[in-house]
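Q: Every position in the sequence shown, counted from 1, becomes a number in this note's numbering once 16 is added. Ideal placement from N, C-alpha and C gives every residue a C-beta, glycine not left out. Before anything else, here's the structure in question.
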Amino acid sequence: YADVTIYFANSNIHPKVEYHKRVYVTKKFVSDFNERTGNTVQYLEAPYEPN
17 YADVTIYFAN
27 SNIHPKVEYH
37 KRVYVTKKFV
47 SDFNERTGNT
57 VQYLEAPYEP
67 N
């Protein structure tokens, strides 16, 4: 047994709109996975800070 957390951090994605699209898809995946399996995978997101 393990507590799992998905950490999304990739400020190299440009433009910012593309970053947020990927954030949305990742959040949806985690949510759908938890719903289908009964798990409680957590999601953490780093702030968007482009280099």
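When the Cα of Tyr23 is compared with those of Lys32, His30 and Lys43, which residue comes out closest?
A: As a working mapping, residue 23 is identified with position 7 in the sequence shown. With distances taken between Cα atoms, Tyr23 lies closest to Lys43.
Q: From Thr56 to Phe45, what does the alpha carbon distance come to, in whole angstroms?
A: The residue labelled residue 56 in the question sits at position 40 within the sequence shown. The residue labelled residue 45 in the question sits at position 29 within the sequence shown. The straight-line gap from Cα to Cα measures roughly 12 angstroms.
Q: Do you know how far the Cα of Arg38 is from the Cα of Leu60?
A: Taking the sequence shown and counting its residues from 1, the one referred to as residue 60 is at position 44. Taking the sequence shown and counting its residues from 1, the one referred to as residue 38 is at position 22. When rounded, the distance between both Cα atoms is 13 angstroms.
Q: Secondary structure at Tyr59, three-state DSSP: helix, strand or coil?
A: Within the sequence shown, the letter at position 43 stands for residue 59. If DSSP states are grouped into helix, strand and coil, Tyr59 belongs with the strands.
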